[in-house]
Amino acid sequence: GENVEQHPSTLSVQEGDSAVIKCTYSDSASNYFPWYKQELGKRPQLIIDIRSNVGEKKDQRIAVTLNKTAKHFSLHITETQPEDSAVYFCAAKWSGTSYGKLTFGQGTILTVHP
Amino acid sequence: EAQVTQNPRYLITVTGKKLTVTCSQNMNHEYMSWYRQDPGLGLRQIYYSMNVEVTDKGDVPEGYKVSRKEKRNFPLILESPSPNQTSLYFCASSYVAPGLTGELFFGEGSRLTVL
Numbered sequence: 004g005e006n007v008e009q010h011p012s013t014l015s016v017q018e019g020d021s022a023v024i025k026c027t028y029s030d031s032a033s034n035y036f037p038w039y040k041q042e043l044g045k046r047p048q049l050i051i052d053i054r055s056n057v058g059e060k061k062d063q064r065i066a067v068t069l070n071k072t073a074k075h076f077s078l079h080i081t082e083t084q085p086e087d088s089a090v091y092f093c094a095a096k097w098s099g100t101s102y103g104k105l106t107f108g109q110g111t112i113l114t115v116h117p
Numbered sequence: 446e447a448q449v450t451q452n453p454r455y456l457i458t459v460t461g462k463k464l465t466v467t468c469s470q471n472m473n474h475e476y477m478s479w480y481r482q483d484p485g486l487g488l489r490q491i492y493y494s495m496n497v498e499v500t501d502k503g504d505v506p507e508g509y510k511v512s513r514k515e516k517r518n519f520p521l522i523l524e525s526p527s528p529n530q531t532s533l534y535f536c537a538s539s540y541v542a543p544g545l546t547g548e549l550f551f552g553e554g555s556r557l558t559v560l
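So, in structure tokens, the structure goes:
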């Protein structure tokens, strides 16, 4: 099966700074890597995702990079704002026989100080 | 309005008393899944279903059962709850398995406490 490690567990930045969250995965057959944002007391929501045939994807202030050789992927948030404060989860989908398994990382609590 | 609805949202129960957490989606999604969220452990997948009558274990299936008799419903059953099943539970659905198309939509969560 898949194992996903996420770091750091907490991240504190000043408004306007960049934030980077990294995840490593164990199974080289994983082929889909989404990132979810969970605001306090709310449900997780997809913010960006990347497939294994792409190295980088951007959407306004957020970007995700994938290094298949090293088996890690990262979320980059530029020009952070207080509303970016939330818990962020990475995930990896295994392409093996259990096609529907989606394994999440442990989460990163991001705090953006005004 | 497209949504994933879970019930109950909050429940306090006692060890051994069978309970069911219902999940219903109105988006005609084929894929549905249950997760539990615990501090420091992230979201862990309990069970998932690729379609009606097709279910499979996630990473932490012990102590749980599911069924998928209809496309819209995917109940989570705790036959004999124990305190270590105290957690925040999320149901989620997507058009097909995650990664093929679209995103995973989560319900609002069900906070379960087992005494």
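As they're listed, the protein sequences go chains A and B. Quick note: the first sequence uses the numbering used here, first residue 4, plus one each step. Quick note: the second sequence uses the numbering used here, first residue 446, plus one each step. Ideal Cβ positions, reconstructed from N, Cα and C, are used throughout, including at glycine.
Separation of residue j from residue i, as counted between CA atoms
i: valine 497 (chain B); j: glutamate 475 (chain B); result: 8 Å
i: glutamate 507 (chain B); j: arginine 54 (chain A); result: 31 Å
i: glutamine 490 (chain B); j: threonine 81 (chain A); result: 30 Å
i: asparagine 34 (chain A); j: alanine 542 (chain B); result: 12 Å
i: threonine 106 (chain A); j: valine 459 (chain B); result: 30 Å
i: lysine 502 (chain B); j: tyrosine 493 (chain B); result: 6 Å
i: arginine 454 (chain B); j: alanine 447 (chain B); result: 18 Å
i: valine 16 (chain A); j: valine 23 (chain A); result: 10 Å
i: phenylalanine 76 (chain A); j: valine 559 (chain B); result: 37 Å
i: tyrosine 534 (chain B); j: arginine 481 (chain B); result: 4 Å
i: aspartate 504 (chain B); j: isoleucine 50 (chain A); result: 24 Å
i: serine 98 (chain A); j: phenylalanine 36 (chain A); result: 11 Å
i: glycine 44 (chain A); j: isoleucine 457 (chain B); result: 18 Å
C-beta atoms of residue i and residue j nearer than 7 Å
i: glycine 461 (chain B); j: serine 525 (chain B); result: yes
i: tyrosine 28 (chain A); j: alanine 95 (chain A); result: yes
i: phenylalanine 92 (chain A); j: glycine 108 (chain A); result: yes
i: arginine 46 (chain A); j: glutamate 553 (chain B); result: yes
i: glutamate 42 (chain A); j: alanine 89 (chain A); result: yes
i: serine 532 (chain B); j: aspartate 483 (chain B); result: yes
i: leucine 523 (chain B); j: alanine 537 (chain B); result: no
i: threonine 111 (chain A); j: leucine 14 (chain A); result: yes
i: cysteine 198 (chain A); j: valine 7 (chain A); result: For chain A, the structure presents residues 4 to 117; residue 198 (chain A) sits outside this window and is missing.
i: valine 67 (chain A); j: lysine 60 (chain A); result: yes
i: serine 555 (chain B); j: glutamine 451 (chain B); result: yes
Contact set between residue i and chain A, taken where Cβ atoms lie within less than 7 Å
i: leucine 486 (chain B); result: Gln109
Amino acids of chain A, ordered along the chain, whose beta-carbon sits closer than 9 Å to that of residue i
i: leucine 523 (chain B); result: Within 9 Å Cβ-Cβ: nothing; leucine 523 (chain B) doesn't reach chain A, min ~21 Å.
i: glutamine 490 (chain B); result: Gly103, Lys104, Leu105, Thr106, Phe107
Beta-ladder partner(s) of residue i, from DSSP
i: alanine 89 (chain A); result: A:Leu113
i: leucine 521 (chain B); result: B:Val466, B:Val511
i: arginine 489 (chain B); result: B:Arg481
i: isoleucine 50 (chain A); result: Its beta-bridge partners do not exist; DSSP assigns none.
i: leucine 105 (chain A); result: A:Lys96
i: lysine 25 (chain A); result: A:His10, A:Ser77
i: leucine 69 (chain A); result: A:Phe76
i: lysine 516 (chain B); result: Bridge partners of lysine 516 (chain B): none, in fact.
i: glutamine 448 (chain B); result: The partner list for glutamine 448 (chain B) (beta bridge, DSSP) is empty, contrary to what the question assumes.
i: glutamate 82 (chain A); result: Answer by DSSP bridge pairing: none, since glutamate 82 (chain A) is not bridged.
Proximal chain B residues relative to residue i, where beta-carbon distance stays under 8 Å
i: arginine 46 (chain A); result: Phe535, Phe551, Gly552, Glu553, Gly554
i: glycine 103 (chain A); result: Tyr476, Ser478, Tyr493, Ser494, Met495, Asp501, Ala542, Pro543
Chain A contact residues for residue i, given Cβ-Cβ distances below 8 Å
i: glutamate 401 (chain B); result: Given a span of 446 to 560 for chain B in the structure shown, any question on residue 401 (chain B) remains unanswerable.
Interface residues of chain B facing residue i [CB-CB closer than 7 Å]
i: leucine 49 (chain A); result: Glu548, Leu549
Within chain B, the residues that residue i reaches when beta carbons sit closer than 9 Å
i: phenylalanine 76 (chain A); result: Correct list: empty, because the minimum Cβ distance to chain B is about 14 Å.
(request) Check whether the region 455-473 of chain B touches the region 513-529 of chain B, taking contact to mean three or more Cβ pairs, one atom from each stretch, closer than 8 Å. (result) yes
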